[in-house]
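These notes concern the structure reproduced below.
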Amino acid sequence: MDLKNLYRQVIMDHYKNPKYRGLVKNDQYLIVHLNNPTCGDEMVVQLYIEDGMIKDVRHEGVGCSICCSSASVASITLVGKTIEEGLEAIHQFYELIKGEPYDDKKLVMDAKAYETVHDFPARVKCATLAWKAYEQGLLEKKKEITHG
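FYI, our numbering numbers position 24 of the sequence shown as 164, with every residue one higher than the one before it.
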């Protein structure tokens, strides 16, 4: 099996069997809603952060397989990290998406499935939508902690 087929399988597995999918009704979760008007992708993410640690994340959205599967990969990447580690992992994912050198130790193995997305510029926003939502939430929480 070639690498492209393997990557396609990883993406489809996360699309069909997403991790951390489904929002929870809990006021302690920070909610971020983003959309990509160009293609119609829409994503809502939730973050539960306690003592500077990402304890749980949730996502719910509509969009293409790249958008929705990437939200699943983002969630398994972020849970259990500190806010700073989460932000660094997101930065490394952006580097991977751009086709730039990245630190694969900061990402889960499944993230590699998106390393050819830069060959399809229209799909970059799809692959990064959930990551951008999580990043916005983490930056908001970091600011809140820093400034009391």
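Glycine is no exception: its CB is placed at the ideal position from the N, C-alpha and C atoms.
The structure displayed is predicted, hence computed values, not measured ones.
Three-state secondary structure assigned by DSSP to residue i
i, result
"N145", "helix"
"V248", "coil"
"T217", "helix"
"T286", "helix"
"T268", "helix"
Cross-strand partners of residue i (DSSP beta bridge)
i, result
"Y188", "D196"
"I171", "Q186"
"N176", "D181"
"R161", "H199"
"T222", "M193"
Beta carbon proximity, residue i to chain B, threshold 8 Å
i, result
"Y188", "Among the protein chains of the structure shown there is no chain B, as only one such chain exists."
CB-CB length for residue i against residue j, believed under 8 Å
i, j, result
"M193", "T222", "6 Å"
"C207", "M183", "7 Å"
Within 8 Å, strictly: CB atoms of residue i and residue j
i, j, result
"L218", "V197", "yes"
"L174", "K281", "no"
Nearest to residue i (by Cα), restricted to the options the options
i, options, result
"N166", "P241, L187, P177", "L187"
"A214", "V257, P177, E190, T268", "T268"
"P158", "E284, N145, G201", "G201"
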